[in-house]
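Trainee: Numbering of the first sequence is given in the working numbering, commencing with residue 1 and proceeding in unit increments. For every residue, glycine included, the Cβ atom is placed at its ideal position computed from N, Cα and C. Please find one structure pasted underneath; my questions will follow.
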Amino acid sequence: MAAAITISQIAQHVGEEVTLRGWVYDKTETKKVFFVMFRDGTGLVQGVGFKPDLSEALIAQLTALTQESAVVVTGVVQANPKAEKSVPHGYELTITAVEVLQVASDYPITPKEHGTDFLMDNRHLWLRSKRQWAIMRIRATIVHTLRNWLDDRGFLLVDTPIITPTAGENTTNLFEIDYFGEPAYLAQTGQLYNEANMMAFGKVYCFGPTFRAEKSKTRRHLMEFWMLEPEIAHCTLEELMDIEEQMIAHVVSAVLEKHQPELAILERDLSRLEAIKAPFARISYDEAVKRIQAAYEAETDPERKEFLKIEWGDDFGGAHETAVAEMFDRPVFVYHYPTAVKAFYMQPVEGRPEVCRSVDLLAPEGYGEVTGGSERIFDVALMDERVKNFGIDPNAYSWYLDLRRFGSVPHAGFGLGLERTVAWICGLDHLREAIPYARILNRKYP
RNA sequence: UCCACAGUAGCUCAAUGGCAGAGCAAUCGGCUGUUAACCGAUGGGUUGUAGGUUCGAGUCCUACCUGUGGAGCCA
């Protein structure tokens, strides 16, 4: 019995007989030759069976193979530069034996094109496709790299709850659940708990799913998305931007280093990723509005011009974000947004309370806001006033206000939307491909 | 919630108000170190649902359902 290996290890076994355990990805049969593309989750390799060399039994087994049949295949590894579709490239397998575990019949996803609705209905099978395989592997590396980067710099992972008694940010976007007869809500953010954890551990982060019941139908929204949220004691907005740009530049370079085959499958423009180096540009909201207004004046298409219309004090729409991001070849920070459009806990700018110490990071190529963060209000009197002015029930937030009563310190933090980061780095045109099972408006199957 | 577009074979799509079609997939045969292979044959339909107009509706009208793209909102 030949040694069982994974396709990812195939380069170390040229000339050897090996066994692979996987599935049939595609098959072409001719009079004399079988070409069977095998996948095993770690890669793809073309198996070749030259009929004059094969036993009748093996010919019968190979003939019976269909797309997605489960197989254990044994063969001799060959280096062949023509094997371009194999991942890694340039290897194929001369088949010597096949054990068929299960023959799949009528697999719905064919090598031809399909529509979005059909693919989403078959998401559990679509994940086996090469493109989805590439995305999920890059997503895993992004998560791994982000967490390692924080762990290596003294951040402690402290988990925050998903079932919460109150809103984190916007009360209209909550998923309400029945908690033994009492209303409870799925978390929109871990941030408020993060602040409690920060006061206990100094530098913390949480990473988990968050939920927004937004009736949004755009390529940039999910009902359930994963968010990484660091929170740091004694951190200024400028230091927060330093952290973000270092972390994100590091993640992009890690993906470039580890995932050339996946990026090739996705046909990602590598030059756009190679440009992502710290430092990133930093412009104020005031300047961003001026730049957008200039873009508005210059725009000749009346439809696009309408979307670019903006006045000081407005929050950015998708077109505004894209317009600003297009002015830079790497992500751009926009800081000091109007206090009125941001959350209640953001620290006002000294001497200019109409703007706050907030910062969003806009990704290039129209991918929009990938992080949002701020310095938090740490003065108890100001926080009390804000809570009152925002119509928030102080009893519900009593524990949060405690954080300003007992050893309050200046601090800052941000949230990074994982799927937007994945979509940007992979060059996806919709967030639904950036998460294994997307929860989008009116869809929760499978 | 609003705007636009769409729904026909397993999939992707055609069809001036006048016989329900093609490619792919499936099945069978041929051919070829193939790469979304190629060639031939066969099977495959309650045209999203309900109503209406008409001699006649996939096509026109009304309502509803579902999906896609976008807006608002947001990461």
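Can you confirm whether the stretch 384-401 touches the stretch 106-114 when touching is taken to mean that 3 or more C-beta pairs between the two stretches lie within less than 8 Å?
Mentor: No: the two stretches stay apart, fewer than three of their Cβ pairs being nearer than 8 Å.
Trainee: HIS411 lies in the alpha helix (DSSP H); which residues open and close that run?
Mentor: From DSSP, HIS411 is part of no alpha helix (DSSP H) but of the beta strand (DSSP E) over 411-417.
Trainee: Roughly how many angstroms lie between the CA atoms of LEU263 and LYS305, to the nearest whole one?
Mentor: So the alpha carbons of these two residues sit roughly 34 Å apart.
Trainee: Quick check on the DSSP output: the alpha helix (DSSP H) that includes THR145 runs from which residue to which?
Mentor: Note, THR145: alpha helix (DSSP H), 130-152.
Trainee: Is the CB-CB distance between THR447 and VAL24 below 8 Å?
Mentor: For residue 447 there is no data in the structure shown, the boundaries of the chain being 1 and 446.
Trainee: Going by DSSP, what residues sit across from PRO338 in a beta bridge?
Mentor: Paired residue(s): VAL355.
Trainee: Is LYS203 buried or exposed, if buried means 16 or more other CB atoms sit within 10 Å of its CB?
Mentor: Buried, since its Cβ has 16 or more Cβ neighbours within 10 Å.
Trainee: Check GLU62 in the structure and name its three-state DSSP category.
Mentor: Reading off the sequence shown, one finds Leu at residue 62, where the question assumed Glu. In this structure, LEU62 counts as helix in the three-state DSSP scheme.
Trainee: With DSSP as the reference, identify every bridge partner of ILE163, one or two as the case may be.
Mentor: Looking at the DSSP assignment, ILE163 forms a beta bridge with LEU186.
Trainee: Would you mind reading off the limits of the beta strand (DSSP E) that contains THR371?
Mentor: From DSSP, the beta strand (DSSP E) with THR371 extends over 368-376.
Trainee: CA-CA distance, LEU441 and ALA2?
Mentor: Spanning the two alpha carbons is a distance of roughly 49 Å.
Trainee: Mapping the DSSP letters down to three states, classify TRP399 as helix, strand or coil.
Mentor: Three-state DSSP puts TRP399 in a helix.
Trainee: On the three-state DSSP scale, how would you describe THR94?
Mentor: Strand, per DSSP.
Trainee: So the candidates are THR145, ALA423, LYS51, ARG123; which of them puts its Cα closest to the Cα of LYS258?
Mentor: Checking every option, the nearest Cα to that of LYS258 belongs to THR145.
Trainee: Please classify ASP360: does DSSP put it in a helix, a strand, or coil?
Mentor: The answer is strand: DSSP assigns ASP360 an E or B state.
Trainee: Could you tell me which residues DSSP pairs with ARG39 in its beta bridges?
Mentor: Its beta-bridge partners are TRP23, LEU44.
Trainee: Answer yes if the stretch 419-427 comes into contact with the stretch 88-97, meaning at least three C-beta pairs across the two stretches below 8 Å, and no otherwise.
Mentor: Segments in contact, no.
Trainee: Less than 8 Å between the CB atoms is what I'm expecting for PRO165 and ALA184, so what's the real figure, rounded?
Mentor: With a Cβ gap of about 6 Å, PRO165 and ALA184 count as contacting.
Trainee: For the candidate residues THR28, ILE435, ASN389, whose alpha-carbon lies nearest to that of PRO111?
Mentor: For PRO111, the nearest C-alpha among the options comes from THR28.
Trainee: Who are PHE333's beta bridge partners in DSSP?
Mentor: According to DSSP, PHE333 bridges with ARG282, LEU361.
Trainee: Ends of the beta strand (DSSP E) at TRP126?
Mentor: Element bounds for TRP126: not the beta strand (DSSP E) but the alpha helix (DSSP H), 123-126.
Trainee: Could you check how far apart the C-beta atoms of PRO410 and PRO364 are, in whole angstroms? I think they sit under 8 Å.
Mentor: PRO410 to PRO364, Cβ: 31 Å. No contact.
Trainee: Taking only three categories from DSSP, how would you classify MET346?
Mentor: Looking at MET346 - three-state DSSP - the assignment turns out to be strand.
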